[in-house]
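Residue numbers (the working numbering), protein chains in the order written: chain A, 1 to 347; chain B, 348 to 694.
Number of protein chains: 2
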Amino acid sequence: MNRHTGSLAIRKPYLLLVGDQSEPVFAKTAFGLRDWCGEDCVGQIRFADGAVDLGLPDYTPADAARSGAQTVVIGVAVPGGGLSAEWQEVLLALLEAGFDIASGLHDALEDNPALVLRARALGRRLHDVRRFAGPLKVGTGRRRTGRRLLTVGTDCAVGKKYTALAVARWLQDAGHPATFRATGQTGILIAGEGIAVDAVKADFVSGAAEALSPDAALGHWDVVEGQGSLFHPSFAAVTLGLVHGSQPDLMVLCHEAGRTVIAGLPDYRLPDWESAIAGYTDAARLTNPGARVAAISLNCGRLPAEARAAAVAGAEAATGLPVFDPMASAPDSAAVRALVGACAALD
Amino acid sequence: MNRHTGSLAIRKPYLLLVGDQSEPVFAKTAFGLRDWCGEDCVGQIRFADGAVDLGLPDYTPADAARSGAQTVVIGVAVPGGGLSAEWQEVLLALLEAGFDIASGLHDALEDNPALVLRARALGRRLHDVRRFAGPLKVGTGRRRTGRRLLTVGTDCAVGKKYTALAVARWLQDAGHPATFRATGQTGILIAGEGIAVDAVKADFVSGAAEALSPDAALGHWDVVEGQGSLFHPSFAAVTLGLVHGSQPDLMVLCHEAGRTVIAGLPDYRLPDWESAIAGYTDAARLTNPGARVAAISLNCGRLPAEARAAAVAGAEAATGLPVFDPMASAPDSAAVRALVGACAALD
Numbered sequence: 001m002n003r004h005t006g007s008l009a010i011r012k013p014y015l016l017l018v019g020d021q022s023e024p025v026f027a028k029t030a031f032g033l034r035d036w037c038g039e040d041c042v043g044q045i046r047f048a049d050g051a052v053d054l055g056l057p058d059y060t061p062a063d064a065a066r067s068g069a070q071t072v073v074i075g076v077a078v079p080g081g082g083l084s085a086e087w088q089e090v091l092l093a094l095l096e097a098g099f100d101i102a103s104g105l106h107d108a109l110e111d112n113p114a115l116v117l118r119a120r121a122l123g124r125r126l127h128d129v130r131r132f133a134g135p136l137k138v139g140t141g142r143r144r145t146g147r148r149l150l151t152v153g154t155d156c157a158v159g160k161k162y163t164a165l166a167v168a169r170w171l172q173d174a175g176h177p178a179t180f181r182a183t184g185q186t187g188i189l190i191a192g193e194g195i196a197v198d199a200v201k202a203d204f205v206s207g208a209a210e211a212l213s214p215d216a217a218l219g220h221w222d223v224v225e226g227q228g229s230l231f232h233p234s235f236a237a238v239t240l241g242l243v244h245g246s247q248p249d250l251m252v253l254c255h256e257a258g259r260t261v262i263a264g265l266p267d268y269r270l271p272d273w274e275s276a277i278a279g280y281t282d283a284a285r286l287t288n289p290g291a292r293v294a295a296i297s298l299n300c301g302r303l304p305a306e307a308r309a310a311a312v313a314g315a316e317a318a319t320g321l322p323v324f325d326p327m328a329s330a331p332d333s334a335a336v337r338a339l340v341g342a343c344a345a346l347d
Numbered sequence: 348m349n350r351h352t353g354s355l356a357i358r359k360p361y362l363l364l365v366g367d368q369s370e371p372v373f374a375k376t377a378f379g380l381r382d383w384c385g386e387d388c389v390g391q392i393r394f395a396d397g398a399v400d401l402g403l404p405d406y407t408p409a410d411a412a413r414s415g416a417q418t419v420v421i422g423v424a425v426p427g428g429g430l431s432a433e434w435q436e437v438l439l440a441l442l443e444a445g446f447d448i449a450s451g452l453h454d455a456l457e458d459n460p461a462l463v464l465r466a467r468a469l470g471r472r473l474h475d476v477r478r479f480a481g482p483l484k485v486g487t488g489r490r491r492t493g494r495r496l497l498t499v500g501t502d503c504a505v506g507k508k509y510t511a512l513a514v515a516r517w518l519q520d521a522g523h524p525a526t527f528r529a530t531g532q533t534g535i536l537i538a539g540e541g542i543a544v545d546a547v548k549a550d551f552v553s554g555a556a557e558a559l560s561p562d563a564a565l566g567h568w569d570v571v572e573g574q575g576s577l578f579h580p581s582f583a584a585v586t587l588g589l590v591h592g593s594q595p596d597l598m599v600l601c602h603e604a605g606r607t608v609i610a611g612l613p614d615y616r617l618p619d620w621e622s623a624i625a626g627y628t629d630a631a632r633l634t635n636p637g638a639r640v641a642a643i644s645l646n647c648g649r650l651p652a653e654a655r656a657a658a659v660a661g662a663e664a665a666t667g668l669p670v671f672d673p674m675a676s677a678p679d680s681a682a683v684r685a686l687v688g689a690c691a692a693l694d
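Structural data, given as C-alpha cells:
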C-alpha cells in the first residue's frame, strides 16, 4: 500500500501479454513499458507468430512461471475492448501459475466474476489501472513541501508522458532526487503506481492530483505526467484539475511540431505559444503564485529530419524559452541543461 | 426516458421525507423543492414533532398513499450520510405503499440490496440523483442549435442554482421558451431530470454538459445551473468542463456580496470583477466565440437591508453590467429586463 496515494503498488517484474495483437499502435502500452522500465520486463507472451514482437524472451502461459515475473501486464488493446473467452482462459491459467494481473482495458478485470473468484481463492491481485480503488478527497489547495514539475500540452498525445519520464530521468542523472508521478494507464504501469485522473469523479480531480504528489523533502522534485489540454473542448476539465492539484513550480509545455488543430477536431485551432503559455501560467498561479512555464518540449517526430533544427530554433525565438525535442535531445544539450538548471535554482 | 440525456425522469408529484431532521440547514433540498416546485410537493413525512416543518400536509408512511404522490423524496441529509435500519424500514414500507424513491444521499439507494430487491419485485424505481445511470460520451465541442445561458460563480454556494431557476422563470414569463437544466441534486429533483456533473468521471464532464443541453429550436433558451467556480482550487475542473460543454451564449456571474475569500479556504481570495468576467469569458469562448457575461447576480442576503442598494449600485458601476439580487429583484426591475432583453436580442 502506497503511503501517499492509498494505491496498491503493482509488483514487478512484469511479463507483457501481447496475445495476437499484430498492430504496434495497439501495443503502445507494451512498447512504453519496454522503453521506460525495460529492466522490469522479463518477457512477452504472444499467441501467434504474427503478433507484435517486443524483442523480449518469449514465454507461453504454460512455462511463464519460469520467467521470474510477479505480474502479467495486458500490454495491448484487445479487440472490442473486452475479454474474449480465450483471453479469460489464459488469464485464469496465469493466475493459477502464480501471477498477479494488471490491465488498462476499459472492461475492468474486477468486473469479471470468474477472474475475481479465482484471484481471491489463490491470493492474487487484479490491478485495473484505470480505476483508482483508494479513497479520494476533494482538493484543498494547501501548499505542500517539495517541488513539482508538470508537463502540459497544446493537445492530447503530444508527448506529455514521454517528456515527464525524460525530465525525471534527467533530474535523477544530474543528482536531483526526482519521482515520476503517473496519471494515466501506461505511466502507472511504468511507475508501478499512480492515479488515472481522467477516470476519477470530477469533484476529485484536483484532490487526486494532490494525493499523487504529497509533501516531500526540500529539493525533491515530483515530475507529474500531464493529461489532456486546457485548449481541448473534451478534456480541459481533467487538465485544469490536474494543474490546480499538482500546484507546479515549473511546467514544461509540450507540442507536436506541425500540428495546427486539435487532433480529431479540425474546427479547433491550437493556441499560439503566447496564449498557451499565458493560459497555463494563469491557471497554475491559482494554487502556486510562483508557477511558470520553464521550457518547451517540441515533439518533432512528424517533421522531416532536416526540418527539425529549424522548428526548435523557431520555437526558441518565439518563446524565449529553452526548447528540446524529447525524443532526440541529449541530456547534455543546452535546452535540457537549462531546464535542469531552472529546477536546481529552486532547490 | 429523457430523449436527450438518457436519464429516467422522476415521476411527480413528490412527498418529501423529512424524518427526524430538526436542522433546517440539513433540509435544504426539501426547502428548495417546496420553493421552486411547490405545486409538485403534496406533503411531508416527519418522524417527530421537532422535525423541520415545510408547511405542507403531514402524512405517515401508513397513510402516505392517500397523498397522491408518485415519488417519495429524501429531502434531508441523514446523520452520517447513510441509511439507518429505521430509515430502511420506512423506505421499504413506502415502496410497498406504491412509491418510487428519490435520494441525493451519498450512500446510494442502489447500493442497498434490500431496497433494490424490493423495488424490483414491486416494479418501483429508485433514483440516486447524484449518480447518472445513462451512458455518457466525451465532449465534442460541436456547436448546437438553440441558445444557452449558464450561471457561473465567484465561489460555491453563492446562488447559481437559485439564479438559474429565476432566470428560466423570468424568460418564460416574458414569453421566451426556456428550460432549466439541472446539474446538481436539488436542481435535478426540482426539474425531475438532469445530470450531477460533479459525480461523472472527469473525462465526461463536458460531454455530460453537452448531453444536458442538446440541439434545440431557434429562440429556445436552456438555462444551465452552474457548479463550483473557476477560482476554486477544489472544484474548478467541474466548472471548466461545464462551461465548455454548455457552450453558453450568455453567462450570469453570481457572487455573494461581502464574501472576500473562498468559503472554507481563507487563503484563497475571490477574484475581482474584472478577473472573474475575463476568466469566464476566455474559458467559454473556446467552444462559443460569442460568449459573454451579460449580467451579475449579487446575492445580498448577508448584508444589512440598508446596505443592499449600495452594493448593487457599486457592482453596476464597477462592471457596467446589469446587476440584480436574485432573492429580491422584481421581474420588472431594470436589471432583469436588461438581461431578458439581452436574451431576446439573440433570438
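In this text, a Cβ means the ideal position worked out from N, Cα and C, and glycines have one as well.
In chain order, what residues of the same chain lie with their CB nearer than 8 Å to the CB of GLU457 of chain B, ignoring the 5 residues before and after it?
The answer, listed in chain order, is VAL463, LEU473, ASP475 and ARG478.
Below 7 Å CB to CB, which residues in the same chain sit around ALA69 of chain A once its five sequence neighbours on both sides are set aside?
PRO13, TYR14, LEU15, VAL42, GLY43 and PHE99, listed in sequence order.
Please state whether DSSP places PRO613 of chain B in a helix, a strand or coil.
Correct three-state label for PRO613 of chain B: strand.
Sort B:PRO460, B:THR501 and B:LEU536 by Cα distance to GLY328 of chain B and report the nearest one.
With chain B represented from 348 up to 694, any question about residue 328 of chain B goes unanswered, as that position is not in the structure.
Output needed in chain order: residues of the segment 563-592 of chain B with a Cβ under 7 Å from some Cβ in chain A.
Under the 7 Å Cβ criterion, the segment 563-592 of chain B contributes PHE578, PRO580, SER581, PHE582, ALA583, ALA584, VAL585, LEU587, GLY588 and HIS591.
So, helix, strand or coil for THR151 of chain A, using DSSP?
Strand.
Is it buried or exposed, LEU150 of chain A, if we count other Cβ atoms within 10 angstroms and call 16 or more buried?
Buried is the call here.
Examine chain B for any beta-carbon lying closer than 8 Å to the beta-carbon of ASP155 of chain A, and answer yes or no.
Chain B, which has no Cβ nearer than 8 Å to the Cβ of ASP155 of chain A, makes this no.
When you compare only the Cα positions, how much space is there between GLY500 of chain B and LEU469 of chain B?
Going from the Cα of GLY500 of chain B to the Cα of LEU469 of chain B covers about 43 Å.
With a cut-off of 8 Å, do at least 3 Cβ pairs link the segment 628-637 of chain B to the segment 593-606 of chain B?
In short, these stretches touch, since the Cβ pair count reaches three.
Taking the alpha-carbon of ASP562 of chain B as reference, which of B:LEU589, B:VAL683 and B:ARG490 has the nearest alpha-carbon?
Checking every option, the nearest Cα to that of ASP562 of chain B belongs to B:ARG490.
Quick one: grab the DSSP three-state call for GLU193 of chain A.
Correct three-state label for GLU193 of chain A: coil.
Quick one: measure Cβ to Cβ for VAL293 of chain A and LEU253 of chain A, integer angstroms, because I've assumed they're closer than 8 Å.
Right, their Cβ atoms sit about 5 Å apart.
Assuming ASP447 of chain B is part of the beta strand (DSSP E), what are its boundary residues?
Segment 447-450, the beta strand (DSSP E) holding ASP447 of chain B.
Please check the pair ALA338 of chain A and ALA276 of chain A, which I expect to be a contact at CB under 8 Å, by giving their CB distance rounded to whole angstroms.
With 8 Å as the limit, ALA338 of chain A and ALA276 of chain A do not qualify as a contact, their Cβ atoms being about 19 Å apart.
For ALA65 of chain A and THR586 of chain B, I'd like the C-alpha separation in whole angstroms.
So the two alpha carbons sit approximately 49 Å from each other.
Quick check on ASP215 of chain A: does DSSP put it in helix, strand or coil?
ASP215 of chain A: coil per DSSP, three-state reduction.
Kindly provide the ranges of any alpha helix (DSSP H) runs that are 4 or more residues long and lie completely inside the segment 498-533 of chain B, ordered along the chain.
Listed in chain order, they are 507-520.
For a minimum of 4 consecutive residues, which ranges assigned as the alpha helix (DSSP H) are wholly contained in the segment 36-105 of chain A?
Whole alpha helix (DSSP H) segments, 4+ residues: 85-96.
Below 8 Å, how does it come out for the segment 516-523 of chain B and the segment 669-689 of chain B: are there three or more Cβ pairs, yes or no?
With a cut-off of 8 Å, the segment 669-689 of chain B and the segment 516-523 of chain B count as touching, because enough Cβ pairs lie within range.
Would you decide whether PRO322 of chain A is buried or exposed? Buried here means 16 or more other CB atoms lie within 10 Å of its CB.
Buried, because 16 or more other Cβ atoms sit within 10 Å of the Cβ of PRO322 of chain A.
Checking contacts by CB at 8 Å: is LYS548 of chain B closer than that to chain A?
It does: the Cβ of LYS548 of chain B has a partner Cβ on chain A nearer than 8 Å.
VAL499 of chain B touches chain A at which residues, Cβ-Cβ below 8 Å?
Result: empty, since nearest Cβ-Cβ is about 14 Å, beyond 8 Å.
Going by DSSP in three states, LYS28 of chain A sits in which element: helix, strand or coil?
Looking at LYS28 of chain A - three-state DSSP - the assignment turns out to be helix.
Leaving out five residues on either side along the sequence, give the residues of the same chain with a beta carbon under 6 Å from the beta carbon of ARG124 of chain A.
Here the set comprises LEU95 and ASP100.
Taking Cβ positions only, does THR628 of chain B come closer than 8 Å to chain A?
Not one chain A Cβ lies under 8 Å of THR628 of chain B.
Compute the Euclidean distance between the alpha carbons of LEU83 of chain A and THR60 of chain A, then round it to the nearest angstrom.
Whole-angstrom Cα-Cα distance: 19 Å.
When you compare only the Cα positions, how much space is there between PRO233 of chain A and MET674 of chain B?
Going by the C-alpha atoms only, they are around 34 Å apart.
In chain A, what lies closer than 7 Å to SER553 of chain B by C-beta?
What SER553 of chain B touches in chain A: PRO233, SER234 and ALA237.
Identify, in the order they occur along the chain, each residue of the same chain with its Cβ nearer than 8 Å to the Cβ of GLN368 of chain B, setting aside the five sequence neighbours on each side.
Correct list, in chain order: ALA374, ALA398, VAL399, VAL423, ALA424 and VAL425.
When you check each C-beta in the segment 525-547 of chain B against every C-beta of chain A, which residues fall closer than 8 Å?
Under the 8 Å Cβ criterion, the segment 525-547 of chain B contributes VAL544, ASP545, ALA546 and VAL547.
Nearest chain A C-beta to THR376 of chain B closer than 8 Å, yes or no?
Judged by the 8 Å Cβ criterion, THR376 of chain B is not in contact with chain A.
Which residue marks the beginning of the alpha helix (DSSP H) containing LEU469 of chain B, and which one marks its end?
Per DSSP, LEU469 of chain B belongs to the alpha helix (DSSP H) from 460-469.
Can you look up ARG131 of chain A in the DSSP assignment and give me helix, strand or coil?
Coil, per DSSP.
Can you give me the Cβ contacts of ALA279 of chain A inside the same chain, cut-off strictly under 8 Å, excluding the 5 residues immediately before and after it?
Here residue 279 of chain A turns out to be Gly, not Ala, going by the sequence shown. LEU230, PHE231 and PRO271.
Beta-carbon of TYR361 of chain B versus every beta-carbon of chain A: anything under 8 Å?
Answer no: the Cβ-Cβ gap between TYR361 of chain B and chain A never drops below 8 Å.
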